[in-house]
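A.B. asks:
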Amino acid sequence: MTVEERLEKIESLLVSLVEREQVREWYSVEEFARLVQRSAFTCREWCRRGRIQAEKKTSGRGAHASWAISHEELLRFQREGLRPAACPELSPIEGERLVIA
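Counting from 1 along the sequence shown, just add 22 to a position and that's the residue number in my numbering.
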């Protein structure tokens with residue numbers, strides 16, 4: 023196989039990869055996590071705590087709605103990172119205030 027043939031094969035594989043990664047309007051937590059190279063659990067917690075702007079969407083499966091993250095929020099996260107914590111002096115358990123001595 024010549025160098026030119028190998029390059030053509032690599033280019034065709036790259037084109038197929040780019041076509042597979044299409045921009046979507048909304049991403050599931052799992053898709054978002056894969057794109058930002060974090061765990062789905064971490065991204066779900068970010069949604070729950072407001073560190074990532076997300077909406078609850080019904081999926082039609084099960085009683086619980088799942089988080090959906092917009093493409094605009096993905097781009098914002100890639101540029102700026104996490105949003106500030108809503109209220110850092112509150113503990114994550116039932117909104118109890120932390121005592122800092």
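Heads up, the beta-carbon is just placed ideally off N, CA and C, and yes, glycines get one too.
Taking the continuous beta strand (DSSP E) assigned at residue 90, which residues delimit it?
C.D. replies: Within the sequence shown, residue 90 is the residue found at index 68, counting from 1. 88–92 is the extent of the beta strand (DSSP E) around residue 90.
A.B. asks: Output needed for residue 68: all residues of its chain with C-beta closer than 6 Å, excluding positions within five of it in sequence on either side, in chain order.
C.D. replies: Along the sequence shown, one-based indexing puts residue 68 at 46. Cβ neighbours of residue 68 beyond the five flanking positions: 74.
A.B. asks: Measuring only between beta-carbons, confirm whether residue 72 sits less than 9 Å from chain C.
C.D. replies: In the structure shown, chain C cannot be found, because there is only a single protein chain.
A.B. asks: Measure the alpha-carbon distance for residue 57 versus residue 65 and round it to whole angstroms.
C.D. replies: Position 35 of the sequence shown, counted from the start, is the residue given in the question as residue 57. Position 43 of the sequence shown, counted from the start, is the residue given in the question as residue 65. When only Cα atoms are considered, residue 57 and residue 65 end up about 11 Å apart.
A.B. asks: Locate the alpha helix (DSSP H) running through residue 77, then write down its first and last residues.
C.D. replies: Walking along the sequence shown from the start, residue 77 turns up at place 55. Residue 77 -> not in any alpha helix (DSSP H); beta strand (DSSP E) instead, spanning 77–79.
A.B. asks: Would you report the Cα separation of residue 98 and residue 84, rounded to the nearest angstrom?
C.D. replies: As a position in the sequence shown, residue 98 is number 76, starting the count at 1. As a position in the sequence shown, residue 84 is number 62, starting the count at 1. Answer to the nearest angstrom: the Cα atoms are 30 Å apart.
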